[in-house]
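Printed below as a string of structure tokens:
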């Protein structure tokens, strides 16, 4: 059987950005018998296949499969083709007809330098295969080496593109090479203006989540951050973090920082100036030690300082107020003596846990001495003095300054002098008001003036009157 044929492309000439025509190869042929006479049958079964070689090779497409059933030519399903005086015309790749052809992919002619058409009629494979020349390969002109024209952007006007674009090693030239129109084509654009650099510069978006946005303009003539000699700084305006609000304490000048909400500092904080707070300041979390290393620490507060734990100072604590109060027991623990005063130096109370008072000590209530009371100077008491131990007076005189002095004891009072006891100054009257007065002495009582008794006076020995002894037992001198 002999076939004469010619091939053309189905569709209109290809135009840039026009709707891409279907990939259809129009094939026309005539079947002749061995005598070169057209066959007289009205229909016949024909199979069409494309190969990448004239003989053998890989089957690229068949009329029933876009992949030739995975390079399986024997699986091709024959088509019934209508003949007119042996003549037929078939649009290979036409998927719109009643019995559609398998589609011809863009890559068939784009990826293969040579393509051959094989025809099988009623089980007879015609030879040789027909090489597809320039006309079918024109299908590749609507794409650039397999890329459809729809994926390219126009250079002569506006266009729309989607997807990811790799501009690695691409250089955009011009003072404003990139502009963004936004969602509405209203002529208002956002333009990246590039100042011509004198060295290579880099803008890096770090790998993280979030949005980089400027919600308002940067002041004219200002820059956001600048590279200084000692680090990166902002030296044009004050910096506000959070809602825009006026500075409450700072001047709002260069170098000022306002944080509208919480400021968390993990490391150390250093203040060379004044720390001014309108609200509460919490140091630590209840289990930390707050160390304040300062030569002077001035706390000026009009209210109370409460909830304070242990305060350890390497130097003095100066209190400019009037009171130090405690809601429990208040202890002053010192490794040496405790001094109340400014410059005085104790002469005796110099040991650990001793109390030295530089000026007068006034006590309006009871004073308890569990050990000895050693008074070097004058001690004045407006109330009672309760001494639970011995009272030692290291002086030669005891002076009572009151007009009348009453000495009262609830028990026995024993006066044991180491020497003579002198009562009175030779001109005063000594009155002893007691129910019984027992004077037990083994020696003499001399120098006694007038002796008067409202009761009976009993003497266990003689009494000398005017230098003469008087015997009370015999009632005679």
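Residue numbers (the working numbering): 28 to 504. Every residue gets a Cβ at the ideal spot worked out from N, C-alpha and C, and that includes glycine.
Worksheet item: How close, in whole Å, do the beta carbons of residue 303 and residue 276 come, if the pair is a contact with beta carbons under 8 Å?
Response: Against the chain shown, residue 303 aligns to sequence position 276. Against the chain shown, residue 276 aligns to sequence position 249. About 5 Å; that satisfies the 8 Å criterion.
Discussion item. Going by beta-carbon coordinates alone, are residue 160 and residue 144 separated by less than 8 Å?
Written reply: Position 133 of the chain shown, counted from the first residue, corresponds to residue 160. Position 117 of the chain shown, counted from the first residue, corresponds to residue 144. Cβ distance not < 8 Å, so residue 160 and residue 144 don't count as in contact.
Discussion item. For residue 213 and residue 207, what's the separation of their Cα atoms in angstroms?
Written reply: Working through the chain shown from its first residue, we reach residue 213 at position 186. Working through the chain shown from its first residue, we reach residue 207 at position 180. Their Cα atoms are separated by approximately 11 Å.
Item to complete: Whole angstroms is fine: what's the gap from residue 491's alpha carbon to residue 447's?
Response: Here the question's residue 491 lines up with position 464 in the chain shown. Here the question's residue 447 lines up with position 420 in the chain shown. C-alpha separation (whole angstroms): 20 Å.
Worksheet entry | Endpoints, beta strand (DSSP E) assigned at residue 72 | Here residue 72 is taken as the residue at index 45 of the chain shown, counted from 1. Per DSSP, residue 72 belongs to the beta strand (DSSP E) from 70-78.
Worksheet item: Are the C-beta atoms of residue 380 and some chain C residue less than 8 Å apart?
Response: No chain C is part of this structure, which consists of one protein chain only.
Fill in: alpha helix (DSSP H) segment containing residue 196, residue limits
One-based indexing of the chain shown puts residue 196 at position 169. Counting along the chain, residue 196 falls outside any alpha helix (DSSP H), and DSSP gives it neither H nor E.
Practice prompt. Using alpha carbons as the reference points, say which of 78, 370, 365, 96 lies closest to residue 376.
Written response: As a position in the chain shown, residue 376 is number 349, starting the count at 1. Closest by alpha carbon: 365.
Practice prompt. Taking all protein chains shown into account, decide if residue 426 is buried (16 or more other Cβ within 10 angstroms of its Cβ) or exposed.
Written response: Counting from 1 along the chain shown, the entry for residue 426 is found at position 399. It counts as exposed.
Item to complete: With DSSP collapsed to three states, give me the class of residue 210.
Response: Along the chain shown, read from residue 1 onward, the residue named residue 210 stands at position 183. Three-state DSSP puts residue 210 in coil, outside helix and strand.
Item to complete: Determine the DSSP secondary structure at residue 224, reduced to helix, strand or coil.
Response: Within the chain shown, the letter at position 197 stands for residue 224. Here residue 224 sits in coil by DSSP.
Worksheet item: Nearest-angstrom Cα distance between residue 231 and residue 197?
Response: Sequence index remark: in the chain shown, residue 231 carries index 204 (1-based). Sequence index remark: in the chain shown, residue 197 carries index 170 (1-based). Roughly 16 Å between the two C-alpha positions.
Worksheet item: Quick one: Cα of residue 120 to Cα of residue 215, how far?
Response: Here residue 120 is taken as the residue at index 93 of the chain shown, counted from 1. Here residue 215 is taken as the residue at index 188 of the chain shown, counted from 1. Going by the C-alpha atoms only, they are around 47 Å apart.
Fill in: Residue environment, residue 131, which counts as buried when at least 16 other CB atoms sit within 10 Å
Counted from its first residue, the chain shown places residue 131 at position 104. Classification for residue 131: buried.
Worksheet item: How long is the line joining the alpha carbons of residue 347 and residue 269, rounded to whole angstroms?
Response: Within the chain shown, residue 347 is the residue found at index 320, counting from 1. Within the chain shown, residue 269 is the residue found at index 242, counting from 1. Whole-angstrom Cα-Cα distance: 39 Å.
Worksheet item: What does a CB cutoff of less than 8 Å around residue 283 pick up in its chain, not counting 5 residues either side in sequence?
Response: Taking the first residue of the chain shown as 1, we reach residue 283 at position 256. Within the same chain, residue 283 has close Cβ partners 265, 266, 274, 277.
Discussion item. For residue 365, list the residues DSSP reports as bridge partners.
Written reply: As a first step, residue 365 must be located in the chain shown, where it is residue number 338. According to DSSP, which records beta bridges pairwise, residue 365 is partnered with 382.
Worksheet item: Do the CB positions of residue 372 and residue 384 come within less than 8 Å of each other?
Response: One-based indexing of the chain shown puts residue 372 at position 345. One-based indexing of the chain shown puts residue 384 at position 357. Cβ distance not < 8 Å, so residue 372 and residue 384 don't count as in contact.
Fill in: Buried/exposed call for residue 88, threshold 16 Cβ in 10 Å
Start at 1 with the first residue of the chain shown, and residue 88 comes out as number 61. By the 10 Å Cβ count, residue 88 comes out buried.
Worksheet item: Among 211, 108, 204, which residue has its Cα nearest to the Cα of residue 220?
Response: Within the chain shown, the letter at position 193 stands for residue 220. Ranking the options by Cα distance to residue 220, first place goes to 204.
Discussion item. Taking 8 Å as the threshold (C-beta atoms), are residue 52 and residue 58 in contact?
Written reply: Position 31 of the chain shown, counted from the first residue, corresponds to residue 58. Position 25 of the chain shown, counted from the first residue, corresponds to residue 52. Not a contact, by the Cβ cut-off of 8 Å.
Practice prompt. Would you mind sorting residue 460 into buried or exposed? The rule is 16 or more other CB atoms within 10 Å of its CB.
Written response: Counting from one through the chain shown, the residue named residue 460 turns up at place 433. The residue in question, residue 460, is exposed, as its Cβ has fewer than 16 Cβ neighbours within 10 Å.
Worksheet item: So, helix, strand or coil for residue 306, using DSSP?
Response: Translated into positions along the chain shown, residue 306 becomes position 279. Note: residue 306 maps to coil in three-state DSSP.
Worksheet item: Regarding residue 114 and the ligand SAM, is the C-beta to nearest heavy atom distance less than 7 Å?
Response: The model on display carries no ligand, and the ligand SAM is accordingly not part of it.
Worksheet entry | residue 386 versus 369, 401, 222, 395, residue with shortest Cα-Cα distance | The residue you call residue 386 lines up with position 359 of the chain shown. Cα-wise, what sits closest to residue 386 is 369.
Fill in: Nearest-angstrom beta carbon gap, residue 68 and residue 110 [assumed within contact, 8 Å]
For the purposes of this step, residue 110 is taken as residue 83 along the chain shown, with counting starting at 1. For the purposes of this step, residue 68 is taken as residue 41 along the chain shown, with counting starting at 1. Correct: roughly 6 Å between the Cβ atoms.
Worksheet item: Would DSSP call residue 298 helix, strand or coil?
Response: Working through the chain shown from its first residue, we reach residue 298 at position 271. Coil, per DSSP.
Worksheet item: In chain order, what residues of the same chain lie with their CB nearer than 8 Å to the CB of residue 108, ignoring the 5 residues before and after it?
Response: Here residue 108 refers to the residue found at position 81 when the chain shown is read from its first residue. Cβ neighbours of residue 108 beyond the five flanking positions: 70, 71, 72, 73, 115, 117.
Worksheet item: For residue 142 versus residue 77, is the C-beta spacing smaller than 8 Å?
Response: Along the chain shown, one-based indexing puts residue 142 at 115. Along the chain shown, one-based indexing puts residue 77 at 50. For residue 142 and residue 77, yes; Cβs fall inside 8 Å.
Worksheet item: Nearest-angstrom Cα distance between residue 102 and residue 146?
Response: The residue given as residue 102 occupies position 75 in the chain shown. The residue given as residue 146 occupies position 119 in the chain shown. Their Cα atoms are separated by approximately 14 Å.
Practice prompt. In the DSSP assignment, find the alpha helix (DSSP H) that holds residue 279 and state where it starts and stops.
Written response: For the purposes of this step, residue 279 is identified with residue 252 of the chain shown, where counting begins at 1. Run containing residue 279: none; DSSP gives neither H nor E here.
Worksheet entry | Euclidean distance between Cα positions of residue 485 and residue 471 | For this step, residue 485 is matched to residue 458 along the chain shown. For this step, residue 471 is matched to residue 444 along the chain shown. The alpha-carbon atoms of residue 485 and residue 471 are separated by roughly 15 Å.
Item to complete: Provide the residue(s) that pair with residue 135 in DSSP beta bridges, ordered along the chain.
Response: The sequence position of residue 135 within the chain shown is 108, counting from 1. According to DSSP, which records beta bridges pairwise, residue 135 is partnered with nothing at all.
Fill in: Local Cβ density within 10 Å of residue 181, reported as buried at 16 or more and exposed below that
Taking the chain shown and counting its residues from 1, one reaches residue 181 at position 154. When all chains shown are included, residue 181 counts as exposed.
Item to complete: Can you tell me which of the three DSSP states residue 482 falls into?
Response: Here residue 482 is taken as the residue at index 455 of the chain shown, counted from 1. Correct three-state label for residue 482: coil.
Item to complete: Classify residue 54 as buried or exposed, calling it buried when 16 or more other Cβ atoms lie within 10 Å of its own Cβ.
Response: Here residue 54 is taken as the residue at index 27 of the chain shown, counted from 1. Under this definition residue 54 is a buried residue.
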